[in-house]
Each structure stands twice: as C-alpha cells, then as structure tokens.
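Remarks on the structure that follows.
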Amino acid sequence: MKRTIASLKTLLPRLAIAAFTLVCLVAFTYVLLALARGDGWTDALQRTAQETPRYFQRLATGDLGLTEAGSLTRAPVAVWPTVQEALPKSLVLLGASLFFAVLIGVQLGMITARWQNGP
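Mind the numbering: the sequence shown is residues 3 to 121 in our numbering, read in order.
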C-alpha cells in the first residue's frame with residue numbers, strides 16, 4: 003500500500019508536467035502557424051487562444067480533423083484513415099531499425115569492452 007502511494011506521488015507530478023508540456027507545444031505550434039500566415043502577434047495569440055481548446059476538445063472525441071498531406075489531389079482528407087494507412091509501414095520500419103541498432107550496438111559494445119585498456 004505504501005509503495006503504491008509512493009508510486010502515485012512520483013507519477014502524478016510527472017503526468018501533470020507532461021500534460022502542461024503538451025499544451026504548451028500545441029499552443030506554440032498554433033502561434034508559429036499563425037505568424038507564418040502573416041498574422042501579427044496579437045492576431046496570432048488570439049487565434050491560439052481560440053484554436054488550442056477547440057483542438058483538445060476534438061482530440062478528446064477522436065476527431066483528428068482533415069489534412070491535405072495524405073491526398074494526391076490536394077483535397078482535404080480525414081487524418082485517421084491516413085494514419086491507419088501509414089502506421090503499419092512505420093511500425094515495420096521502426097522494428098527493422100531497432101533490430102539493426104541493437105545488432106550493431108551490441109557488437110560495437112563488445113569490441114570496445116574487449117579493447118577497453120588498449121590493444
């Protein structure tokens with residue numbers, strides 16, 4: 003019981019910091035996008051104040067919105083089907099890169115351990 007409470011005491015502040023960091027990152031992204039469009043600072047901050055809560059509301063309901071990135075015709079398409087299409091390929095690439103990183107890293111680690119104090 004004491005161990006669970008101690009774990010919660012360390013986990014909850016970390017989760018709060020992670021949530022705060024995520025909100026700041028999203029808000030910063032909205033500010034940069036508004037500035038890239040040519041809006042002034044006040045317009046960018048106003049747009050951010052409106053869009054950030056709206057984004058998290060849509061995210062909580064599973065609505066990821068629309069994107070032109072997955073469309074060949076530049077017509078907006080839903081984000082979730084685009085993610086579903088790209089996720090398996092990304093996971094295969096992740097697995098392959100992790101496999102080779104471990105394979106090469108272990109070998110290099112063994113070589114450097116063998117020659118730790120010189121040849």
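Ideal Cβ placement from N, Cα and C applies to all residues, glycine included.
Check                                                                     : Outcome
The alpha helix (DSSP H) enclosing Q52, as first and last residue numbers : W43 to A62
DSSP three-state assignment for T23, whether helix, strand or coil        : helix
Spatial distance of L66 from A80 (CA atoms)                               : 7 Å
Between the CA atoms of P55 and D45 - distance to the nearest angstrom    : 16 Å
Test item: CB-CB of V33 and F58 under 9 Å                                 : no
Burial state of A36 (16 or more Cβ within 10 Å)                           : buried
T50 and T69 closer than 9 Å at C-beta                                     : no
As assigned by DSSP and simplified to three states, the class of T75      : coil
L100, DSSP secondary structure in three states                            : helix
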